[in-house]
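Okay, structure first, notes after.
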Amino acid sequence: MTTRKVIVEVVEARNLPPKDGEGSISAYVMVDFDGQCKRTKTIPKKLNPAWNEKLEFTVNNPTTMIGEELEAEVYNDKKTTVGRNPFLGRVKLLGSQFPKKGDENLVFYTLQNKSVFSTVKGALGLKICYFDEPIKPPDPPPAEQPPAEAPPAEAPPPAEAPPTDAPAPPADTPAPPADPPAPPADAPAPPAEAPPAAAPPVDAPTAEAPPAEQPPAEAPAAAAPGEAPPAEAPPAEAPPAETPPPAEAAPAEAPPAEAAPAAAPPSSEAPPPADTPPAEAPSTTENKPAEEVKPPEEVAPTKEKTIHHYERPPMSPLPSMSAEYFTKDIPFGRNDERSTYDLVEKMHYLFVRIVKARALASRDSTGNAGDPFVKIRVGGEVVRTRKTQNNSSPEWNQIFAFGKGPLQAAPTLEISVWDENTGTKDDFLGGVCFDLSEVPTRVPPDSPLAPQWYRLEGEGRVRGDIMLAVWMGTQADETFPEAWQSDTGGVINTRSKVYVSPKLWYLRVNVIEAQDLEFPEKVKSPELKVRVQLGMQVLRTRASNNRTSSPVWNEDLMFVAGEPFEEPLMLLIEDRPNTGNNKDTTALGQALVGLTAIERRVDDRMVSSRWFNLDKPNGEQKYHGRLHLRLCFDGGYHVMDEAAHSSSDLRPTAKQLWKPALGYLELGILGAKNMLPMKTKGGRSTTDAYCVAKYGQKWIRTRTITDSFNPRWNEQYTWEVYDPCTVLTLGVFDNRHIYMNSHDQKSSDLKDVRIGKVRVRISTLESNRIYTNSYPLLVLLPSGVKKMGDIEIAVRFSCPSLLDVVQIYNKPLLPKMHYLHPLGLTQQDMLRNIAMKIVAMRLSRAEPPLRHEVVQYMLDTDSNMWSMRRSKANWFRIMNVISGFVSVVKWIDDICQWKNPITTVLVHFLFLILVWYPELIVPTVFFYVFVIGAWYYRFRPRMPPHMDTRISHADTVDPDDLDEEFDPLQSSKDSEIVRKRYDRLRSLAARIQTVLGDFASQGERIQALLSWRDPRSTGMFIATCFMISMILYIVHIKMVLISLAFYFLRHPRFREPMPASILNFFRRLPALSDRIM
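In terms of the working numbering, the sequence shown is numbered consecutively and its last residue is 1070.
If you want it as structure tokens, here you go:
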């Protein structure tokens, strides 16, 4: 057993405001967690106090720790506070943000207000972690060690002194010194009475021959370990003096099971001197409650160890089985289990669990056991268990699930046992039949149905019983994922699974300098570079300008590493002249660095540098210089492993920086219809389809429905949502690995074929509303776009707090480090491609694997490749944005041409009003925007949008453009020169294409302000417009303009490095980029 502890190290605070009237403060921190409150010492007269104190908290219930809230509040000492409020700020964190011990980092959290009217500033630096501490096991049974030592020395001495002391203790029960003599005097007296009571539990393990001596030897022995330091010199007095402690400790601590039996003999021997404390303590029948007597009584009759019965913690009383207990709300933030599939259709299955059989008939007269197996027949469906060789009491423990089709074919279930014979007909060993109308129904969360024994019936050599369980259930049954399923063919590659992407880190390698390098004689003017390799990633520094044995580089290199770390970091110093010939490269020394020893940081603080000795690449263990490095894992970045327009997770790598979840995203995959055949099997066309969905780090894969053009999955999954401006990706594939053994090709040559993909942006979903819709499955082939079928899904975004979702729109889209130390575009693309490869490689090693082609299709690995079709699509997106301004110009021209006289008169009237009252211009504009947004609310999308072939220009694409799009980056041109130029042109065009897409996204975000694609952002925008219009109607325009001018021209001291709230809101608006194929 373990107990969970949370360690909160309060390190320091920064930039606290003065509170004592003298420009300083005397601050301390109060930390409250799980009903426990602790505080640090007070640091006097410092605005940047440093405590460096560790506060330890015990977690009462580890399963609910992720939902517990830790609150750290900073106060100023009341004695020095000027005013009434000593509050300086607070920090609130959830238990889900706590890392394990060893992964903690110093994080500075910005202090927050208690209310709108309180003003705080500064930051509090905390180190938080948790660990599971094992509970110290009880001391070993004291009766087993001293039995051999005590008998020879204890028997004579106790008989001398105790007679006079025996009567004294009865009156003085608490006096331990008077007790020792009493037991020894009684111990030799009743040796004959003790053996019968103590012989079964205790005497057997002892090696002593005379049974009469065993009880007296064990009574002091049981007490001997209880009191380690005996105060009395004679050995005879020590054992008796130690007897009372074990007697009291055994029931209270419930420790060793054998300590109680050791004390039991004295209880039977105690009747003559029943008043003596040594005898009363072990018996505990008169002065102790019944609970303390039970353990010895239960343990004494048996020889088996029952220590587990004593160590079992007391169970809390069961709650009353009322409706309130089952419908109790689970605190938000906990991973509650799904008990119902409310987004999908319930699919009824017949579950058959075959456990084992016994006493089956022998194969021949000699008694040889056969090779039994079980056949299950439901309608026309017949399946069998695995066989067990030469066993008359076999065990299978297999579960089978039969769908709706077999159940409608026949009203009975037949289960029969057979003996497999090679080359001849199998022998019938008996069977059992069930009427399906009598089969019980199990509804989770009911406990599993207990299997029962059934007598085998039939003709011939039928004998024995079979243990099985049969029940009716749905896909919500916990045994369903691992059961053999009639609609999947029972192949392991067809089962549904959940995968988790590896945790990715950015590894920053700062190569500073080297010293004491040794150059070969052939090296005259070295071009020294450092080659850094991590797995498949290889980067080189630029050549050092210092051509001596102590070169300096001071260059940063970035890598992507995935947990668990597998490959070490290898650094190689080489002389690499610019001759274009790798044979001229000379290796001067190398160093290997294990990734587990590298420091992790969550901000931009400077980590300490280290020197690493260099070895020869040939393995020679000799000093060849040293290399100065600064290594760290940057946990403040989000490692991009998917296309930016379809990102599903924007959290930083470090768990300490994660914010609480905003809500839950539930996806119900109902089924597909009208799917096209994907392959030929047995001379007929067929499709074996399965779905893969990805959101955040969690991937799900449904079971494969074999041989069906209208598969029905009806599976439901749940994700935590941390940012609503993210995208859920769902793909459908044809499984080519079910029948891999029937093909001559290797399994690595088989690839699952893509059928289509659907993306759903979370911000386009209204809270707590179920969207059930059918989406077309479109795939782009070299021959053109093709519809492969339709998929029906149900989506629901559950959000308990609308205010939290609204606040997230004003926060930066990416973590803080992306703005403080941004990465270049080229570097981001390189790191993203590497991260995709790492994720694909790790998921392909799962069982069953999520294959490379599936992961690459889901992550859009080719989204930055050159495509004339995508370039045209982005160009027309820009034209669509510009068309709005063109329409305004045309409308003004129509007004000037008096094409609509009424409109022209109204515009003239409005113009005169605005001229006479210029302060109405701005509020009128915002009010007009509000009216337009409210008018467009009627035309808002009712369903989340899907892939659009018109926007993608996939339906009008030229075949030559498609041929170019499907041509890999390494073009297969005949001429070498033409191919290089062609690839260079495509790389340049890909960048232009990305820029065009970004321009189009900005314009589409402006359009999204009033389009209600994201109902929250549109609602927030038009509400803001209405409030601004009301304020500007009241406040004079001149004051507003002056205020805006002063705010725009404010001093840099009052500016923050983070983007403004308006810019953050704008960047979170949806664009049409997630609908481009």
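A virtual CB, placed ideally from N, CA and C, is assigned to each residue, including glycine.
For residue 622, which residues of its own chain have a beta-carbon under 7 Å away from its beta-carbon, when the five flanking residues on both sides are left out? 502, 503, 504, 505, 602, 603, 605
So residue 790 and residue 714 are supposed to be a Cβ contact under 8 Å. How far apart are they, rounded? 7 Å
Could you have a look at residue 16 and say whether DSSP puts it in helix, strand or coil? coil
Please confirm whether residue 716 and residue 643 have their CB atoms less than 7 Å apart. Cβ distance < 7 Å, so residue 716 and residue 643 count as in contact.
Can you tell me whether residue 46 is helix, strand or coil according to DSSP? strand
Per DSSP, residue 349 forms a beta bridge with which residues? 388, 460
Any idea what DSSP makes of residue 953, helix, strand or coil? helix
Beta carbon of residue 393 nearer than 7 Å to that of residue 345: yes
Short Cβ contact (7 Å threshold) for residue 424 with residue 403: no
Supposed close pair residue 343, residue 410 - CB separation, criterion 8 Å: In fact, because the Cβ distance is near 19 Å, the residues do not count as touching under 8 Å.
Quick one, are the C-beta atoms of residue 92 and residue 490 less than 7 Å apart? no
Counting contacts by CB-CB distance shorter than 7 Å, is residue 743 in contact with chain D? Given the protein chain composition of this structure (a single chain), no chain D is represented.
Taking the alpha-carbon positions, what's the residue 843 to residue 682 distance? 14 Å
What do you get for residue 553, buried or exposed, if any count of 16 or more other CB atoms within 10 angstroms of its CB means buried? buried
Helix, strand or coil, according to DSSP, for residue 786 in the structure here? strand
Within 10 angstroms of its Cβ, does residue 814 collect 16 or more other Cβ (buried), or is it exposed? Looking at its Cβ environment, which holds fewer than 16 other Cβ atoms inside 10 Å, residue 814 is exposed.
The ligand GDP and residue 675: does any heavy atom of the ligand fall closer than 6 Å to the residue's C-beta? Although the ligand GDP was asked about, the structure shown includes no ligands whatsoever.
According to DSSP, is residue 1061 helix, strand or coil? Residue 1061 falls in the coil class under three-state DSSP.
Just verifying my parser: in three-state terms, what is the DSSP assignment at residue 694? The DSSP-derived three-state label of residue 694 is strand.
Rounded Cβ spacing between residue 1082 and residue 979 (contact assumed at less than 8 Å): Not covered by the structure: residue 1082. The range shown for the chain is -6 to 1070.
How many whole angstroms separate the CB atoms of residue 422 and residue 354, which I take to be in contact at a CB cut-off of 8 Å? The pair is a contact, with the Cβ atoms about 6 Å apart (cut-off 8 Å).
Let me know the secondary structure DSSP gives residue 621 once reduced to three states. Three-state DSSP puts residue 621 in a strand.
Less than 8 Å between C-beta atoms, sequence neighbours within five positions excluded: which residues of the same chain meet that for residue 68? 20, 21, 22, 23, 79, 80, 81
For residue 988, three-class secondary structure by DSSP: helix
At 4 residues or longer, what runs of the alpha helix (DSSP H) sit wholly inside the segment 56 to 138? If one requires a minimum length of 4 residues, no alpha helix (DSSP H) run lies completely within the segment 56 to 138.
Own chain, CB closer than 8 Å to residue 399, minus 5 neighbours either side, in chain order: 343, 371, 372, 373, 374, 479
Assign residue 910 to buried or exposed, taking buried as 16 or more other Cβ atoms, counted over all protein chains shown, within 10 Å of its Cβ. Looking at its Cβ environment, which holds fewer than 16 other Cβ atoms inside 10 Å, residue 910 is exposed.
Tell me whether residue 631 is buried or exposed, calling it buried when 16 or more other Cβ atoms sit within 10 Å of its Cβ. buried
Inter-stretch contact at 8 Å, needing at least 3 Cβ pairs: the segment 983 to 1002 / the segment 896 to 911: With the cut-off at 8 Å, the segment 983 to 1002 and the segment 896 to 911 do not touch.
Residues near residue 116 by beta carbon distance below 8 Å, same chain, minus five either side: Contacts found: 6, 7, 8, 101, 102, 103, 104.
What do you get for residue 448, buried or exposed, if any count of 16 or more other CB atoms within 10 angstroms of its CB means buried? exposed
Alpha carbon to alpha carbon, how far is residue 472 from residue 534? Give it in angstroms, no decimals. 55 Å
Is the distance from the Cβ of residue 532 to the Cβ of residue 563 below 7 Å? no
Tell me where the beta strand (DSSP E) around residue 605 begins and ends. 603 to 606
Can you tell me the Cβ-Cβ gap for residue 812 and residue 1051, rounded? I've got them flagged as a contact below 8 Å. 6 Å
Unbroken beta strand (DSSP E) run spanning residue 963, endpoints: No beta strand (DSSP E) holds residue 963; DSSP gives it neither H nor E.
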